[in-house]
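Below is one structure, written out as structure tokens; the observations come after it.
Residue numbers (this note's numbering): 1 to 178.
Structure follows, in structure tokens:
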């Protein structure tokens, strides 16, 4: 009985010694979750909630059920606002809502990063208008990194709803680059 226990301990120690760092990495990759992630890198100076809506198929409309909200805390320093889409969702297009705080008059966007599996695609602020269409609630200022947020009139009512929607170039990027 003691000999069997000794043999088990010896065998388990021997198996542990044979593992290489690659074995551990391989295990981590198997356990990783495939999530499409959007990172908005910028400066937001007031409390707010940003939201990313996604569509998965042609003809899909933006709904609360297919959206992710991120609480934004005020800072004069650059920060990353991260949105993780549900597991195994790969979007056909995105709509990025830049907050609902009417006191948020402007924000700075330095970069948008889109990640999926091992790939990523970065769009700097000067290229945003190449990939996105802004609604009337967003005005890109001459420095190309500051975005003035302003109320828009909707059916005679002023509302704060600044957002940008991916255009054909963005949809093509999602199809080809990631």
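Virtual Cβ for every residue (Gly too), placed ideally from N, Cα, C.
What three-state label does DSSP hand residue i in the structure shown?
i           : result
residue 27  : Low per-residue confidence applies at residue 27: pLDDT is 33, beneath 50, and the placement is therefore not dependable, though the value from the model is reported in the following sentence. Residue state, collapsed to three classes: helix.
residue 92  : coil
residue 158 : strand
residue 53  : strand
residue 172 : helix
residue 87  : coil
residue 127 : helix
residue 64  : helix
residue 166 : strand
residue 43  : strand
residue 36  : coil
residue 76  : coil
residue 97  : strand
residue 119 : strand
Since residue i and residue j should fall inside the 8 Å C-beta cutoff, what is the C-beta to C-beta distance between them, to a whole number of angstroms?
i           : j           : result
residue 51  : residue 97  : 4 Å
residue 170 : residue 132 : 6 Å
Report the residue from the options whose alpha carbon sits nearest the alpha carbon of residue i.
i           : options          : result
residue 82  : 42, 136, 171     : 42
residue 109 : 94, 88, 139, 115 : 139
residue 115 : 84, 164, 162     : 84
residue 142 : 129, 61, 178     : 129
residue 45  : 55, 68, 121, 72  : 72
residue 161 : 104, 127, 173    : 104
residue 100 : 174, 150, 34     : 150
residue 136 : 61, 154, 117     : 154
residue 145 : 158, 157, 127    : 127
residue 89  : 69, 55, 121, 78  : 55
residue 64  : 74, 120, 53      : 53
residue 60  : 93, 118, 147     : 93
residue 70  : 164, 40, 173     : 40
Going by other Cβ atoms of all chains shown within 10 Å of its Cβ, with 16 needed for buried, is residue i buried or exposed?
i           : result
residue 125 : buried
residue 48  : buried
residue 95  : buried
residue 38  : buried
residue 57  : exposed
residue 91  : buried
residue 166 : buried
residue 188 : Past the edges of the chain, shown from 1 to 178, lies residue 188, and the structure says nothing about it.
residue 157 : exposed
Run through the DSSP bridge pairs and tell me what residue i is partnered with.
i           : result
residue 149 : 138
residue 106 : 148
residue 70  : 50
residue 111 : 41, 124
So is residue i in contact with chain D if we call contact Cβ pairs under 7 Å?
i           : result
residue 159 : Going by chain labels, chain D is absent from the structure shown, which holds only one protein chain.
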